[in-house]
Structure formats: C-alpha cells, structure tokens
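Please read the structure below before turning to the comments.
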Amino acid sequence: MSERSEVTGMPDAQQQSVEWTPAEWQAELLELRKQIDRLDQSLVLMLANRFALTRRVGNIKARVGLQSFDPQREAEKLDDIRRQCELHGLNADLVAEILAQIMRETVKNHDKMRSGISSGA
0 MSERSEVTGM
10 PDAQQQSVEW
20 TPAEWQAELL
30 ELRKQIDRLD
40 QSLVLMLANR
50 FALTRRVGNI
60 KARVGLQSFD
70 PQREAEKLDD
80 IRRQCELHGL
90 NADLVAEILA
100 QIMRETVKNH
110 DKMRSGISSG
120 A
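Take the sequence shown: its position 110, counted from the start at 1, is 109 in numbering that gives the first Met the number 0, and no numbers get skipped.
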C-alpha cells in the first residue's frame with residue numbers, strides 16, 4: 000500500500016511507481032495542478048476575509064486611539080505560526096516572513112484609517 004499525505008489523505012506521489020506511462024504521469028500532474036489551483040483560490044479568499052477582519056480591528060483601534068502596531072501581538076502570532084509550521088513540516092522562516100508581510104500591510108492600512116479619522120474624513 001502506498002503512503003498517503005497527512006494533509007490531503009491522497010497517495011504520496013513519491014511512493015508511486017517510477018514506471019508511469021506518459022499518459023499516467025501527465026494525468027497525475029494535471030490533477031495535482033488542479034488541486035493546487037483550488038488551494039491558491041482558497042488562499043486568496045482567506046486573505047480577503049483576513050483583511051476584512053483586520054479592517055474592523057483597525058476601525059476600532061482608530062476610534063479608541065490605540066496604536067496600529069502591537070509588537071507583543073505580532074511576536075505571539077509569529078511564535079504560534081512557527082510552532083504550527085514545525086508540526087506540519089513547513090519552512091517556518093518562509094511562512095513567518097509571509098505572515099510578517101501580511102501584518103505589515105495590515106499596520107499600513109490601520110495607519111491610513113487613523114489618519115482618516117483624525118482628519119475628520
């Protein structure tokens with residue numbers, strides 16, 4: 000029996016026979032790429048949802064006078080992400096940098112909101 004991916008439950012391609020016919024490996028590549036495309040679409044939707052939530056957070060922060068950047072919250076989030084990456088065998092530095100970039104964009108958006116509220120916009 001072939002190994003299955005912990006994430007998808009599908010057979011691990013590395014365990015497949017290396018004697019695939021061109022039609023077999025082409026079909027497998029096509030299916031895998033379709034799955035990757037669906038995951039990419041899900042990532043975009045998740046980012047859109049995340050930014051919608053952070054806009055609400057930014058609005059609250061701006062209205063009550065809190066700073067846009069919360070270093071303690073950011074450090075806690077990055078530590079948590081690194082732990083999750085270790086559990087799933089992911090490159091923690093890469094994923095943490097991606098999340099840090101998303102958080103930097105969030106802070107910029109919050110700063111814009113603060114400026115708009117303080118100027119009466």
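Glycine residues also receive a C-beta, built at the ideal position from the N, C-alpha and C atoms. What you are looking at is a predicted structure, and each value in this text was computed from that prediction instead of being measured.
- CA-CA distance, M45 to A22, rounds to 35 Å.
- Excluding the 5 residues flanking it on each side, A95 has same chain C-beta neighbours closer than 8 Å at L77, I80, R81 and C84, in chain order.
- A direct Cα-to-Cα measurement between I101 and V17 gives close to 40 Å.
- If you check the CB distance, A74 and M112 do not come in under 8 Å.
- A straight-line Cα-Cα distance of about 32 Å links F50 and L29.
- Around the beta carbon of H87, fewer than 16 other beta carbons sit within 10 angstroms, so the residue counts as exposed.
- Contact annotation: N108 and R54 have beta-carbon atoms nearer than 8 Å.
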